[in-house]
Amino acid sequence: MKKSIRNFRTQPAIKSPQLIVGIILTGLVLAITLVSFFWTPWDPIAIDVEKRLLTPSFSHWFGTDRLGRDLLSQIMVGSQNTLYVTLVSTLIGVVLGTSLGLAAAGSGPRWGGILTRISDIGIAIPSILIALVLATTLGPGRLSVIIAISFWFVPVTARVVVGPARQILSLDFVEAAMTHGRTRMYIVFRQVLPNIAPIVIVQTSMMFAAGILIEASLSFLGVGAQPPTTSWGKILMDSQPLVQEAPYYTLLPGSFVVITVLAFNLLGDGLAVLLDPQQSQKGVA
Amino acid sequence: MLEINNLHISIAGRSLVKIDHLVVAPNERLGIVGESGSGKTLTVLSILGLLPTMMKVQGSVIFAGQELLGRSEDDLAKIRGRDIAMVFQDPGRSLNPTMKIGRQAGETLRLHSDLSKSEIKEKVLGLMHSVQLKDPEKLASRYPHELSGGQQQRVMIAMAIACKPRLLIADEPTTALDVTVQQEVLKLLLKLSQESDMAMVFVSHNLGVVQAVSERIAVMHDGEIVELGPTAQILDSPSAAYTKELIGANLSIPDAQELSRLSGSRFQNTRGV
Amino acid sequence: MGAFVFRVFYRSLALMIASAFAGSVVIFLLLRMVGGDIATIMLGTKATPESLALLREAFGLNRSWLEQYLSWIGGVFRGDLGESYTGQYVIGTEIAQRLEPTLILTFGSLLISIPIALMVGVYSAINFKRWRGVSVDVLAQVGLAIPQFFLALVFVIVFAVRLGWLPATGYVSVSIDPLVAFQSMVLPITTLSLGITAVFTRFVRTSMIEQMNEDYMRTAKAKGHTVRSAAIVHGLRNSAIPITTTGVLQIGALMAGSVVVENVFGIPGIGRLLLTSVMTREAITVQSLALVILLIILAMNLLIDLLYGFLDPRIRHKEGRK
Numbered sequence: 483m484k485k486s487i488r489n490f491r492t493q494p495a496i497k498s499p500q501l502i503v504g505i506i507l508t509g510l511v512l513a514i515t516l517v518s519f520f521w522t523p524w525d526p527i528a529i530d531v532e533k534r535l536l537t538p539s540f541s542h543w544f545g546t547d548r549l550g551r552d553l554l555s556q557i558m559v560g561s562q563n564t565l566y567v568t569l570v571s572t573l574i575g576v577v578l579g580t581s582l583g584l585a586a587a588g589s590g591p592r593w594g595g596i597l598t599r600i601s602d603i604g605i606a607i608p609s610i611l612i613a614l615v616l617a618t619t620l621g622p623g624r625l626s627v628i629i630a631i632s633f634w635f636v637p638v639t640a641r642v643v644v645g646p647a648r649q650i651l652s653l654d655f656v657e658a659a660m661t662h663g664r665t666r667m668y669i670v671f672r673q674v675l676p677n678i679a680p681i682v683i684v685q686t687s688m689m690f691a692a693g694i695l696i697e698a699s700l701s702f703l704g705v706g707a708q709p710p711t712t713s714w715g716k717i718l719m720d721s722q723p724l725v726q727e728a729p730y731y732t733l734l735p736g737s738f739v740v741i742t743v744l745a746f747n748l749l750g751d752g753l754a755v756l757l758d759p760q761q762s763q764k765g766v767a
Numbered sequence: 369m370l371e372i373n374n375l376h377i378s379i380a381g382r383s384l385v386k387i388d389h390l391v392v393a394p395n396e397r398l399g400i401v402g403e404s405g406s407g408k409t410l411t412v413l414s415i416l417g418l419l420p421t422m423m424k425v426q427g428s429v430i431f432a433g434q435e436l437l438g439r440s441e442d443d444l445a446k447i448r449g450r451d452i453a454m455v456f457q458d459p460g461r462s463l464n465p466t467m468k469i470g471r472q473a474g475e476t477l478r479l480h481s482d483l484s485k486s487e488i489k490e491k492v493l494g495l496m497h498s499v500q501l502k503d504p505e506k507l508a509s510r511y512p513h514e515l516s517g518g519q520q521q522r523v524m525i526a527m528a529i530a531c532k533p534r535l536l537i538a539d540e541p542t543t544a545l546d547v548t549v550q551q552e553v554l555k556l557l558l559k560l561s562q563e564s565d566m567a568m569v570f571v572s573h574n575l576g577v578v579q580a581v582s583e584r585i586a587v588m589h590d591g592e593i594v595e596l597g598p599t600a601q602i603l604d605s606p607s608a609a610y611t612k613e614l615i616g617a618n619l620s621i622p623d624a625q626e627l628s629r630l631s632g633s634r635f636q637n638t639r640g641v
Numbered sequence: 053m054g055a056f057v058f059r060v061f062y063r064s065l066a067l068m069i070a071s072a073f074a075g076s077v078v079i080f081l082l083l084r085m086v087g088g089d090i091a092t093i094m095l096g097t098k099a100t101p102e103s104l105a106l107l108r109e110a111f112g113l114n115r116s117w118l119e120q121y122l123s124w125i126g127g128v129f130r131g132d133l134g135e136s137y138t139g140q141y142v143i144g145t146e147i148a149q150r151l152e153p154t155l156i157l158t159f160g161s162l163l164i165s166i167p168i169a170l171m172v173g174v175y176s177a178i179n180f181k182r183w184r185g186v187s188v189d190v191l192a193q194v195g196l197a198i199p200q201f202f203l204a205l206v207f208v209i210v211f212a213v214r215l216g217w218l219p220a221t222g223y224v225s226v227s228i229d230p231l232v233a234f235q236s237m238v239l240p241i242t243t244l245s246l247g248i249t250a251v252f253t254r255f256v257r258t259s260m261i262e263q264m265n266e267d268y269m270r271t272a273k274a275k276g277h278t279v280r281s282a283a284i285v286h287g288l289r290n291s292a293i294p295i296t297t298t299g300v301l302q303i304g305a306l307m308a309g310s311v312v313v314e315n316v317f318g319i320p321g322i323g324r325l326l327l328t329s330v331m332t333r334e335a336i337t338v339q340s341l342a343l344v345i346l347l348i349i350l351a352m353n354l355l356i357d358l359l360y361g362f363l364d365p366r367i368r369h370k371e372g373r374k
């Protein structure tokens, strides 16, 4: 029984400038990250004290940091860390969250409600605080960050999944399928999953953006990726005392972070318009 | 008083309503009847310029010598509620759930007159009284969800007639109400219209209801007026095929005869439904 | 209205107390179950067995977990949270002193962001098809992509370094010098509230646009309201209601943000203490701090629950009737 409940009436992409800009920007960021594995304008860890704190120029597009290292190269390499942490957290969060949401949806209305309540509590606890507590015992580092972010992503995803999953499962044809001997699992995979996929995809994009922000903040506080791993937050942390002498040291990397986060948010918004027009018609420009 | 000419409402190129000519005389009670999708609601919404923006409207709607179509929102806002008022279908949803009844009811007065707060308050109580609401003082400090459907609709009516409009448009005012309450609300509307200088356009899919309060009826089908004439004539000797179908299938309401007597129209049941 | 307040408030309060206890258990366990023995964590792996033993004695870490937990909670009620292991401060007093700046910062930001978000969100919603409405939304979208620490630094660059209008760091208690206190709080509060405002604004906008499609708005227009007056008189309150749900989430973000903001602006608040404690592995301090932060979050949630009931009369009667 190949029934698709949701009408994937895709809107023409032109109607959504967000999608286009989102795709371009995220593509750019991903491209930069990939490139950084093979090549950067300068060696990011090459210290050259003579060249410290140079303002942006033709040879050093973003200038140099307090140890003479090229800032642009640092940012490029730093994106590896950001994407790694966020990707892992997102994967864990989405997989666990979706599973929990589906499990709860399939176990009856009561479980769905319980999961929603618990998720609400989980969502209300900020990752940064969890990361800080974890960092006390586990020590600072990417592990604490990943755990903390995942811890938040799971209920966020679960909550988003539970509602629609329940809706779909309560439809008549599902009952019909069950009387025909299909197991719940089968229905879940064949019917529910494809139909909640768009919602989950949009949510993932938004969460990704949030994850980048959290990771950067934690690295800035010194609780994230530890040296020698380069991270955006660390770059900005180093720039703080030099705010008066070298504002570009703060402004350029920071703007890069903003653009990256914006990129994923726009992508999410654009995808929402594309895949879930009813939801998004509520006033998305 | 109200004259509609060459009204053409369309959306995305698809024609929804096409009316060549329709007139409402002062103090007249005109009924518009048709099934869902016939365009009757769109027609009356266009009078007040309340159509969704995606719809294109062309033609002319003249009220008291002035063209309404294409007027600015500010101009229309002055006319709405004061000269032309409207009562909608689902009073439960048409009232603001977080605002007290008394305050909502007095809004047209606040918007269109200079009366003081206490004067408005008095008038509101009087209005609620005239729509047969008991205990107006108590009701005024309640919220919509605390009232019954019939009470809510009476409040809507009170709001509508507050500024003594010259035209009242009622779009399926009784459809969402219980049958027994329908009766009372219809009688109320009839009474208000008869006792004042107010014309009424009554829209419904229910011919039985429409004929009970209207002097003239316009039958709409697929966006066009297929028949127009005095109530008695429409009912006794319908000319359009659709009208005949409508009459045959119409739902009667209890005490239709009493209402007909009150409104001066004659109802003859052609199929004994 | 009285009955409602009674029921909802006490129920929310009970929930809050239950959550606080549950949270305290989680915090307690988290610090003991993860990452190994607390004493080692606090002193480091190079610590001598003697110093470890001393530490354990001093902080009662040899007792069973249940004993430790009860002793801690008992201390909370008595106001005695122990001392930092470096002996430099009494935890309870330190936290109490630092509450003032943090509360001013967080509550101040919350209080500012709500009216701004309402005004801007409504404006954006009313004009949602025109450029001015859209550009506001775009602005909000950019706003919530900015990490707070970056915004803080930018503010420091612009207002403290370049323009010299406001101090970059430092704080003085209101009771000592309110003017200086105020000055030192301007940038921090602005930074913290900007992110929250952006989120709220978008939410108000969406909520208001939804409301504009409701029947009662059509009635309002039919009565003679312009879109603008209908939105403000009728739509505002109705669209504010769903905001309370998102508000709950934002509070956590506020507290998290205060850690960053306090750090950048050198505000001696709870967030700053938390950070330093984490860095120096003061597990005992972190334990109590986490609880305090949790309590603040729960208290704000309580306020929002009350606000919700106040805004939506339908809830009042449902609750009252029970």
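Chains A, B and C are the protein sequences, given in the same order.
For the first sequence, the positions run 483 to 767 when the working numbering is used.
For the second sequence, the positions run 369 to 641 when the working numbering is used.
For the third sequence, the positions run 53 to 374 when the working numbering is used.
The beta carbon of each residue, even a glycine, is placed where N, CA and C say it ideally should be.
(request) Sort 490(B), 438(B), 520(B) and 474(B) by Cα distance to residue 458(B) and report the nearest one. (result) One-based indexing of the second sequence puts residue 458(B) at position 90. Residue 520(B) is the option with its Cα nearest to residue 458(B).
(message) Please tell me whether residue 541(B) and residue 463(B) are closer than 8 Å, where the distance is taken between their beta carbons.
(response) By 1-based counting over the second sequence, the position of residue 541(B) is 173. By 1-based counting over the second sequence, the position of residue 463(B) is 95. Cβ distance not < 8 Å, so residue 541(B) and residue 463(B) don't count as in contact.
(request) Check each residue of the stretch 167-178 of chain C: if its Cβ is closer than 8 Å to any Cβ of chain B, include it; give the result in chain order. (result) none
(request) State the Cα-Cα distance for the pair residue 581(B) and residue 195(C), rounded to the nearest angstrom. (result) Stepping through the second sequence from its first residue, residue 581(B) is reached at position 213. Stepping through the third sequence from its first residue, residue 195(C) is reached at position 143. Roughly 58 Å separates the two Cα atoms.
(message) Spatial neighbours of residue 221(C) within its chain, please: C-beta separation below 7 Å, excluding the five flanking residues on both sides.
(response) Against the third sequence, residue 221(C) aligns to sequence position 169. Contacts found: 317 and 318.
(request) Give the straight-line distance between the Cα atoms of residue 619(B) and residue 677(A), rounded to the nearest whole angstrom. (result) Counted from its first residue, the second sequence places residue 619(B) at position 251. Counted from its first residue, the first sequence places residue 677(A) at position 195. Low confidence applies to residue 619(B): its pLDDT is 46, below 50, so where it sits in the model is not reliable enough to give any reading.
(request) Please decide whether residue 68(C) counts as near chain A, where near means a Cβ-Cβ distance under 8 Å. (result) What you label residue 68(C) is simply residue 16 of the third sequence in a count that begins at 1. No - not a single Cβ of chain A is within 8 Å of the one on residue 68(C).
(request) Measure from the C-beta of residue 31(C) to each C-beta in chain B and report whether the shortest distance is under 8 Å. (result) The structure shown does not extend to residue 31(C), since chain C is modelled only from 53 to 374, so the question has no answer here.
(request) Could you tell me the boundaries of the alpha helix (DSSP H) in which residue 489(B) lies? (result) In the second sequence, counting from the first residue as 1, residue 489(B) sits at position 121. It spans 485-498 - the alpha helix (DSSP H) in which residue 489(B) sits, taken as one unbroken run.
(request) Determine the DSSP secondary structure at residue 116(C), reduced to helix, strand or coil. (result) On the third sequence, position 64 is the one that residue 116(C) refers to. DSSP, reduced to helix, strand and coil, places residue 116(C) outside both helices and strands of the structure shown, so it counts as coil.
(message) Any beta carbon from chain A within less than 8 Å of residue 199(C)'s own beta carbon?
(response) The sequence position of residue 199(C) within the third sequence is 147, counting from 1. By this cut-off, residue 199(C) is an interface position.
(message) Just verifying my parser: in three-state terms, what is the DSSP assignment at residue 429(B)?
(response) Locating residue 429(B) in the second sequence gives position 61, counting from the first residue. In the three-state reduction of the DSSP assignment, residue 429(B) falls in the strand class.
(request) Please classify residue 634(A): is it buried, with 16 or more other beta-carbons within 10 angstroms of its beta-carbon, or exposed? (result) Taking the first sequence and counting its residues from 1, one reaches residue 634(A) at position 152. The residue in question, residue 634(A), is buried, as its Cβ has 16 or more Cβ neighbours within 10 Å.
(message) Can you find the residues in the same chain that come closer than 7 Å, C-beta to C-beta, to residue 753(A), ignoring five residues on each side of it along the sequence?
(response) Along the first sequence, one-based indexing puts residue 753(A) at 271. Only residues of its own chain outside the window of five on either side were considered, and among them 501, 683, 684 and 687 have a CB closer than 7 Å to the CB of residue 753(A), listed in chain order.
(request) Can you grab the Cα-Cα spacing for the pair residue 303(C) / residue 349(C), in whole Å? (result) Residue mapping note: residue 303(C) aligns to position 251 of the third sequence, counting from 1. Residue mapping note: residue 349(C) aligns to position 297 of the third sequence, counting from 1. Distance between the alpha carbons of residue 303(C) and residue 349(C) is about 6 Å.
(request) List the endpoints of the continuous beta strand (DSSP E) containing residue 373(B). (result) As a working mapping, residue 373(B) is identified with position 5 in the second sequence. Where residue 373(B) is concerned, the enclosing beta strand (DSSP E) stretches over 370-379.
(request) Report all residues from its chain with a CB closer than 8 Å to the CB of residue 486(A); omit the five preceding and five following residues, and keep chain order. (result) Here residue 486(A) refers to the residue found at position 4 of the first sequence. Only weak support is given to the placement of residue 486(A): the predicted model assigns it a pLDDT of 37, under 50, and the value that follows is read from those uncertain coordinates. So the list reads 676 and 677, once near-sequence residues are dropped.
(request) Note the first and the last residue of the continuous beta strand (DSSP E) segment covering residue 570(B). (result) Translated into the one-based positions of the second sequence, residue 570(B) becomes position 202. Counting along the chain, the beta strand (DSSP E) containing residue 570(B) begins and ends at 567-572.
(message) Using CA atoms only, rank isn't needed, just tell me which of 337(C), 306(C) and 363(C) is closest to residue 248(C).
(response) To locate residue 248(C), count along the third sequence from 1; it is residue 196. Of 337(C), 306(C) and 363(C), the residue nearest in Cα terms is 306(C).
(request) Pull out every residue of the stretch 253-275 of chain C whose Cβ sits closer than 8 Å to any Cβ of chain B, in chain order. (result) Those would be 266, 267, 268, 270, 271, 272, 273, 274 and 275, in chain order.
(message) Could you pull the DSSP bridge partners for residue 453(B) from this structure?
(response) Along the second sequence, one-based indexing puts residue 453(B) at 85. Residue 453(B) is bridged to 536(B).
(request) Classify residue 714(A) as buried or exposed, calling it buried when 16 or more other Cβ atoms lie within 10 Å of its own Cβ. (result) For the purposes of this step, residue 714(A) is taken as the residue at position 232 of the first sequence. That one is buried.
(message) Among 275(C), 293(C) and 269(C), whose alpha-carbon lies nearest the alpha-carbon of residue 283(C)?
(response) Residue 283(C) sits at position 231 when you count from the first residue of the third sequence. Comparing Cα positions, the closest option is 269(C).
(message) Using C-beta distances below 8 Å, list every residue in its chain close to residue 575(A), excluding the 5 sequence neighbours before and after it, in chain order.
(response) Within the first sequence, numbered from 1, the residue matching residue 575(A) stands at position 93. Contacts found: 631, 632, 634, 635, 636, 638, 639 and 689.
(message) By the 9 Å beta-carbon criterion, what residues does the stretch 679-693 of chain A contribute toward chain C?
(response) Among the residues of the stretch 679-693 of chain A, those with a Cβ less than 9 Å away from any Cβ of chain C are 691, in the order of the chain.
(message) Measuring alpha carbon to alpha carbon, tell me which residue in 643(A), 708(A) and 611(A) is nearest residue 681(A).
(response) Taking the first sequence and counting its residues from 1, one reaches residue 681(A) at position 199. Out of 643(A), 708(A) and 611(A), 643(A) has the C-alpha closest to the C-alpha of residue 681(A).
(message) For the structure I just gave you, are there three or more beta carbon pairs, one from the stretch 256-263 of chain C and one from the stretch 168-175 of chain C, closer than 8 Å?
(response) Look at the beta carbons and you see the stretch 256-263 of chain C touching the stretch 168-175 of chain C: at least three pairs across the two are nearer than 8 Å.
(request) Under 9 Å between beta-carbons, which chain B residues line up against residue 289(C)? List them in chain order, please. (result) The count along the third sequence starts at 1 and reaches residue 289(C) at position 237. Here the neighbours are 464, 466 and 467.
(request) With a 10 Å radius around its C-beta and 16 neighbouring C-beta atoms as the bar for buried, classify residue 62(C) as buried or exposed. (result) One-based indexing of the third sequence puts residue 62(C) at position 10. Exposed, by the Cβ-count rule.
(request) Indicate whether residue 538(B) and residue 476(B) have their beta-carbon atoms separated by less than 8 Å. (result) In the second sequence, counting from the first residue as 1, residue 538(B) sits at position 170. In the second sequence, counting from the first residue as 1, residue 476(B) sits at position 108. No, the pair does not count as a contact, with Cβ atoms beyond the cut-off.
(message) Is there a Cβ of chain A sitting closer than 8 Å to that of residue 344(C), yes or no?
(response) Locating residue 344(C) in the third sequence gives position 292, counting from the first residue. Chain A, which has no Cβ nearer than 8 Å to the Cβ of residue 344(C), makes this no.
(request) Look at residue 241(C) and residue 157(C) and say whether their C-beta atoms are less than 8 Å apart. (result) Taking the first residue of the third sequence as position 1, residue 241(C) is located at position 189. Taking the first residue of the third sequence as position 1, residue 157(C) is located at position 105. Against a cut-off of 8 Å, the Cβ pair of residue 157(C) and residue 241(C) comes out as a contact.
(message) Rounded to the nearest angstrom, what separates residue 66(C) and residue 341(C) at their Cα positions?
(response) What you label residue 66(C) is simply residue 14 of the third sequence in a count that begins at 1. What you label residue 341(C) is simply residue 289 of the third sequence in a count that begins at 1. Distance between the alpha carbons of residue 66(C) and residue 341(C): 22 Å.
(request) Pull up the distance between the alpha-carbon of residue 111(C) and that of residue 131(C), whole angstroms please. (result) Mapped onto the third sequence, residue 111(C) falls at position 59. Mapped onto the third sequence, residue 131(C) falls at position 79. The straight-line gap from Cα to Cα measures roughly 16 Å.
(message) I need the straight-line Cα distance from residue 495(B) to residue 568(B), nearest angstrom please.
(response) The residue labelled residue 495(B) in the question sits at position 127 within the second sequence. The residue labelled residue 568(B) in the question sits at position 200 within the second sequence. Going from the Cα of residue 495(B) to the Cα of residue 568(B) covers about 18 Å.
(request) Flag this pair as yes or no: are the beta carbons of residue 384(B) and residue 410(B) separated by less than 8 Å? (result) Here residue 384(B) refers to the residue found at position 16 when the second sequence is read from its first residue. Here residue 410(B) refers to the residue found at position 42 when the second sequence is read from its first residue. For residue 384(B) and residue 410(B), yes; Cβs fall inside 8 Å.
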